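Residue numbers (the working numbering): 488 to 662.
Here's the structure we're looking at; comments come further down.
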């Protein structure tokens, strides 16, 4: 996926949500905590949001993260973001039938990715496939080694940090 396709997908989904819910940019800004100016730039495809900003928008609108960038349900489609140290591959995009989504996330260069709180009751499950990582949960960093797992409420600020040069993990987000 090119950066332009990425921008188009996010812009189209944001516009569709606003149209369906009859929300102005001001209303979306209030719900998400993202400025009206930034939302306008995203919709006009003038700006690519960071992972953290996209999570913030998805959480504020109480919609799935993957819906913003997954154009087809093909699990092999690799998704690239403006952050060169974080790659997200959608394994199972969000489905309202099962209320979860599964991603394979790769962090490189000891990257640390912080995330704002998601909607109330959202749970994340992490399974480390390769390397080691620290997960910020309840204000404390917890080490998770290859083959290990952790489940936590993601309706609070949380984060992921590659302890090794590269870490690959599955992230299951349950709504």
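Glycine included, C-beta positions come from ideal geometry on N, C-alpha and C.
Because the structure is a prediction, the values reported are computed rather than measured.
- By the neighbour-count criterion, in which 16 or more other beta carbons inside 10 Å mark a residue as buried, residue 618 falls on the buried side.
- Here residue 611 is not near residue 579, since their CB atoms are 9 Å or more apart.
- Between the alpha carbons of residue 615 and residue 505 lies a distance of about 36 Å.
- Relative to residue 528, the option among 642, 552 and 494 whose CA is nearest is 494.
- Spatial neighbours of residue 543 in its own chain (CB-CB distance under 8 Å, excluding positions within 5 residues in sequence) are listed in chain order as 519, 520, 521 and 603.
- Residue 493 carries a helical assignment under DSSP once its states are collapsed to helix, strand and coil.
- Around residue 587, the same chain offers 579, 581, 659, 660, 661 and 662 as residues with beta carbons nearer than 8 Å, after the five sequence neighbours per side are excluded.
- Annotation: residue 606 to residue 641 spans about 8 Å, alpha carbon to alpha carbon.
- As a beta-bridge residue in DSSP terms, residue 646 pairs with 601 and 623.
- For residue 505, the three-state secondary structure derived from DSSP is helix.
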